[in-house]
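Here the UniProt record's numbering is used: position 227 in the sequence shown is 227, and no number is missing along the way. Glycine residues also receive a C-beta, built at the ideal position from the N, C-alpha and C atoms.
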Amino acid sequence: MTWLDEAGAPIEAHGAGMLQHNGRYYWFGEEKKRTFVRRFVETVACYSASSLAGPWRNHGRVLAQEEIRHPKPRPQPNRPTKQPRFGGWVVQRPKVLYNRQTRKFVMWFHLDLPRGTVERHDGTYYQNAQSLCDKAGAPCAKLMGYQLRSVGVATADRPEGPYVWERGFRPDGQGSLDLNLFQDPTDGQAYLIRDCSHKLLAISRLTPDYLGTAGIIATLPQCLERTVKHGRPALKNRCEGMAMFRHSGYFYLFTSLATGWWPNAVTLWRTAGKSLDNATWLNLGNPTGSRTSFNSQPTYVVQATTARGEPYFVYLGDNWMLCPSRDSAGPALEGACYIWLPFRMRAGESELEVDYRWRWRPSDPFAPVPRDPNPICRGQGNGEACGAEQKKRKRRPKRKEHTRWVSSRRAASQQTIRTLNATPGGTLTSGGSWKGATVG
1 MTWLDEAGAP IEAHGAGMLQ HNGRYYWFGE EKKRTFVRRF VETVACYSAS SLAGPWRNHG
61 RVLAQEEIRH PKPRPQPNRP TKQPRFGGWV VQRPKVLYNR QTRKFVMWFH LDLPRGTVER
121 HDGTYYQNAQ SLCDKAGAPC AKLMGYQLRS VGVATADRPE GPYVWERGFR PDGQGSLDLN
181 LFQDPTDGQA YLIRDCSHKL LAISRLTPDY LGTAGIIATL PQCLERTVKH GRPALKNRCE
241 GMAMFRHSGY FYLFTSLATG WWPNAVTLWR TAGKSLDNAT WLNLGNPTGS RTSFNSQPTY
301 VVQATTARGE PYFVYLGDNW MLCPSRDSAG PALEGACYIW LPFRMRAGES ELEVDYRWRW
361 RPSDPFAPVP RDPNPICRGQ GNGEACGAEQ KKRKRRPKRK EHTRWVSSRR AASQQTIRTL
421 NATPGGTLTS GGSWKGATVG
């Protein structure tokens, strides 16, 4: 089961960022998710629609690998004629803001190197050069995983691009992994939120042109946990997958735990103030009430309004590992899908709740819905088996949670988003079909 665009093709936009501009939603994301053992061809895709329910127009690749001008790793020394070509950059979690001062659309993303790249002590990188580190005392610093730990920045004159490369760097001199951008709706101030190499979660104010940062202004020290590194006590940041929004004078921040691609219980944080300078954070707990956050990790928060003009928010999450892959023999990560859930602010200790809804309409998101015909993976009761227990067994579950777009030929007020729970190939037989998708 797959979310489809208006042409009936699968939507590929993982680690999403959402820009609202001139009455349209622009959905940016990683075009294709790959595992470290396969070739990286990740680019940034863009889709747009006038409603969160679609139909979504595919604008194609708005930032291609060829546009990234960051220095590439060198071939392995002494073997210049036998090197495979560069495997491509790791491009993750693209976010876009509009800068009113420069009239540019500015994209930020996590930029890194693929597996098998070696960093030497002199600061140079070599591709497919693991043999350089096979000998004892070889001048190699790191092998697997994220090594560059940088951000990439690109700009465009239109939201749908094309985007032109500007620069790649480590903001404020700190390594950068998961990241997000936030533009304060009250004063237009823009911020970068990121995991600094698992050392701390930091927030920096963007420069006026949005092409750089002006220093770290706040951290989230509650995310630090004590650990041991190289036999010595150390602190490690355990928060990633950040997504921020603002309401009634408070800043709110969703974070996920550092469990790789596997889902976990999200945490909601709150701070008060006119800006994020020297923010102090209050832990509001897990607003989903699910140990796996309905098999999701946060990626963005969107503000929307009902047909009656009432504001609400939408939690955008990725279900990285527990969706049925389109290639049943392929890695689960390549079948990643999406979890979008509406929520609103409520009085009380936890401030808000993010409830699981298998179907909802953007025009009336909290209307009663029929009983879920497949109550699996809802994060409660049997649903937990699709998260924590499946992770423990490390094998593909027979039944998994996945999401799917459902659009209608009727007016936008009748468009519906369904979050379906079914076995692979399962469908809902209600009404006709639109571009290959089931309609209600």
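Residue nearest to residue i in terms of C-alpha spacing, selected from the options
i: residue 30; options: 8, 113 and 43; result: 43
i: residue 104; options: 318, 199, 212 and 154; result: 154
i: residue 172; options: 233, 203 and 352; result: 203
i: residue 168; options: 273, 90 and 284; result: 90
i: residue 151; options: 45, 351, 186 and 212; result: 212
i: residue 283; options: 65, 113, 190 and 256; result: 256
i: residue 21; options: 8, 6 and 49; result: 49
i: residue 51; options: 356, 351 and 19; result: 19
i: residue 357; options: 339, 175 and 363; result: 339
i: residue 59; options: 343, 290 and 161; result: 161
i: residue 254; options: 277, 302, 232 and 226; result: 302
i: residue 163; options: 108, 146, 208 and 147; result: 108
i: residue 484; options: 317, 16, 178 and 71; result: The chain is shown only over 1 to 440; residue 484 falls outside these bounds and no answer can be derived.
i: residue 341; options: 332, 309 and 317; result: 317
i: residue 300; options: 261, 285 and 178; result: 178
i: residue 288; options: 281, 268, 7 and 5; result: 268
i: residue 28; options: 68, 92 and 70; result: 92
i: residue 55; options: 9, 99, 337 and 281; result: 9
i: residue 249; options: 271, 258 and 57; result: 271
i: residue 291; options: 156, 237 and 262; result: 262
i: residue 114; options: 355, 65 and 158; result: 65
i: residue 195; options: 237, 157, 187 and 148; result: 237
i: residue 264; options: 279, 280, 239 and 252; result: 239
i: residue 312; options: 71, 199, 102 and 346; result: 346
i: residue 200; options: 88, 216, 185 and 224; result: 224
i: residue 146; options: 176, 158, 156 and 157; result: 176
i: residue 94; options: 102, 159 and 53; result: 159
i: residue 156; options: 304, 63, 259 and 319; result: 63
i: residue 259; options: 61, 321 and 335; result: 321
Assigned secondary structure, residue i (DSSP; H/G/I helix, E/B strand, else coil)
i: residue 10; result: strand
i: residue 333; result: helix
i: residue 364; result: strand
i: residue 65; result: helix
i: residue 17; result: strand
i: residue 88; result: coil
i: residue 402; result: Low confidence applies to residue 402: its pLDDT is 35, below 50, so where it sits in the model is not reliable, and the reading given next is rough at best. Coil at residue 402, not helix or strand.
i: residue 54; result: coil
i: residue 223; result: helix
i: residue 5; result: coil
i: residue 171; result: helix
i: residue 44; result: strand
i: residue 114; result: coil
i: residue 318; result: strand
i: residue 148; result: coil
i: residue 23; result: coil
i: residue 338; result: strand
i: residue 70; result: coil
i: residue 371; result: coil
i: residue 60; result: strand
i: residue 308; result: coil
i: residue 94; result: strand
Check whether residue i and residue j have beta carbons under 8 angstroms apart
i: residue 243; j: residue 180; result: yes
i: residue 210; j: residue 111; result: no
i: residue 275; j: residue 183; result: no
i: residue 314; j: residue 293; result: no
i: residue 206; j: residue 220; result: no
i: residue 197; j: residue 174; result: yes
i: residue 352; j: residue 344; result: yes
i: residue 277; j: residue 214; result: no
i: residue 233; j: residue 306; result: no
i: residue 6; j: residue 32; result: no
i: residue 231; j: residue 297; result: no
i: residue 165; j: residue 69; result: yes
i: residue 246; j: residue 235; result: no
i: residue 273; j: residue 279; result: yes
DSSP bridge partner residues for residue i (one or two, in chain order)
i: residue 104; result: 99
i: residue 493; result: Only positions 1 to 440 of the chain appear in this structure, which leaves residue 493 out of reach.
i: residue 204; result: 192 and 216
i: residue 345; result: 352
i: residue 180; result: 193
i: residue 234; result: 227
i: residue 442; result: Lying before the first or after the last residue shown, residue 442 is absent from the chain, which here runs from 1 to 440.
i: residue 301; result: 315
Which runs of the beta strand (DSSP E) spanning at least 3 residues fall entirely within the region 237 to 293, listed in chain order?
239 to 247, 250 to 257 and 267 to 272
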